[in-house]
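Engineer:
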């Protein structure tokens, strides 16, 4: 397996890295969409996540890597294991970061009949797809704005229900498929369907560095990595370990983080001022701010946390304003400055 570029070695792009860390701490935030210029480290940051995440405990013998501590009903395979054994064995496995290619067939995504076993043994058996492999991990779609409509519909359904249902060729299979959806793309190549855009909790805009020193440092680090991937990764191992420990500590403390009513009121007023539809903006803003507080080691969510996550949580939820030619990110920042001065 090829080494991934170290997460800690990525130059700049602080908003993108912060959004990815928030999603790693609290998957209920709803995933991350990264839009911007080509060659700005979008896919590099996502792939670096795979090497960064701590391993997770999974049930031995389960093709979906279910949590052994999960209650009955996680999947039929785990139910059978628990019914036939007093103690279910577990092991540590890497958190999956699964690529969904643009040209993937529906069978490859949702799973299908195992033809080889059907032909050789005459047994109808389910061959899990990419959604099954991504369970409890991350599903990454590069150029997500170019994804075919039928696959978009699939992702919307599964992301909403957390379950994949396959009924075809005499098979009827239902299995858990809860994952963090991560997408990247160039907005110049096409827009996302609103239904899919709404499924992303955080949206990040990245651009080519404009500071000379940053551009030089990016080139130097990328060249050093390509010349000696192992040596470069070893030099950044200690920094990546610090980030990994930070994620683990944040996961342990996030459930106990207090969100004061005054902060919730600020979040609601901000969403009202921006005219966001529904209440998903407030929910995402609250969850993202709480995860950020956990990453920072704070016990209480404050207005500073709201300020830092508001652009990512809200920029893709704004209605188009034909009288305002500024970008949605700038509009959010302007209203944030008015509603949450600091």
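Residue numbers (this note's numbering): 102 to 443.
Glycine included, C-beta positions come from ideal geometry on N, C-alpha and C.
Whose C-beta lies closer than 6 Å to the C-beta of residue 453 among residues of the same chain, with five residues either side of it excluded?
Structural biologist: Absent from the model: residue 453. The displayed extent of the chain is 102 to 443, so no value can be given.
Engineer: Check residue 158 in the structure and name its three-state DSSP category.
Structural biologist: Residue 158: strand per DSSP, three-state reduction.
Engineer: Please go through the same chain and pick out, in chain order, the residues whose beta-carbon is closer than 6 Å to the beta-carbon of residue 118, but skip the five residues on each side of it.
Structural biologist: There are no such residues.
Engineer: Give a yes or no on contact between the region 264 to 280 and the region 196 to 212, applying the rule of three or more CB pairs nearer than 8 Å.
Structural biologist: These segments touch.
Engineer: Taking 8 Å as the CB-CB limit, is residue 108 close to chain D?
Structural biologist: Among the protein chains of the structure shown there is no chain D, as only one such chain exists.
Engineer: Using only alpha-carbon positions, find the residue among 226, 358, 201 and 366 that is nearest to residue 281.
Structural biologist: Minimum Cα distance to residue 281 is reached at 201.
Engineer: Could you tell me the alpha carbon to alpha carbon distance between residue 315 and residue 260, rounded to whole angstroms?
Structural biologist: Distance between the alpha carbons of residue 315 and residue 260: 37 Å.
Engineer: Counting pairs of Cβ atoms below 8 Å between the region 385 to 395 and the region 124 to 131, do you hit three or more?
Structural biologist: Short answer: they touch.
Engineer: Would DSSP call residue 401 helix, strand or coil?
Structural biologist: Correct three-state label for residue 401: strand.
Engineer: Just list the beta strand (DSSP E) runs in the region 247 to 306, keeping only unbroken ones of 3 residues or longer that don't cross its boundaries, in chain order.
Structural biologist: Runs of the beta strand (DSSP E) inside the region 247 to 306: 264 to 269, 272 to 277 and 281 to 286.
Engineer: Quick check on residue 129: does DSSP put it in helix, strand or coil?
Structural biologist: Residue 129 falls in the helix class under three-state DSSP.
Engineer: Taking the continuous beta strand (DSSP E) assigned at residue 338, which residues delimit it?
Structural biologist: Counting along the chain, residue 338 falls outside any beta strand (DSSP E), though it belongs to the alpha helix (DSSP H) covering 338 to 354.
Engineer: Just checking, does the region 107 to 116 make contact with the region 243 to 251 on the three C-beta pairs under 8 Å criterion?
Structural biologist: The region 107 to 116 vs the region 243 to 251: no contact.
Engineer: CB-CB under 8 Å to residue 47, same chain, minus the five flanking residues each way: which ones, in chain order?
Structural biologist: The question about residue 47 has no answer here: the residues shown for the chain are numbered 102 through 443.
Engineer: Within the chosen definition, does the region 342 to 353 reach the region 405 to 419 through at least 3 CB pairs nearer than 8 Å?
Structural biologist: With a cut-off of 8 Å, the region 405 to 419 and the region 342 to 353 do not count as touching, because too few Cβ pairs lie within range.
Engineer: Quick one: measure Cβ to Cβ for residue 300 and residue 131, integer angstroms, because I've assumed they're closer than 8 Å.
Structural biologist: Between residue 131 and residue 300 the Cβ distance is about 7 Å, and since that is below 8 Å, they are a contact.
Engineer: Less than 8 Å between the C-beta atoms of residue 133 and residue 121, yes or no?
Structural biologist: Yes. Within cutoff.
Engineer: Quick one, which of 240, 180 and 269 has its alpha-carbon nearest residue 285's?
Structural biologist: Taking only the C-alpha atoms, the option nearest residue 285 is 240.
Engineer: Less than 8 Å between the CB atoms is what I'm expecting for residue 308 and residue 145, so what's the real figure, rounded?
Structural biologist: Not really, about 15 Å apart at Cβ, beyond 8 Å.
Engineer: Could you please give the first and the last residue of the uninterrupted alpha helix (DSSP H) stretch that includes residue 210?
Structural biologist: Residues 207 to 211.
Engineer: Whole angstroms are fine: how far does the CA of residue 385 sit from the CA of residue 303?
Structural biologist: Their backbone Cα atoms lie some 8 Å apart in a straight line.
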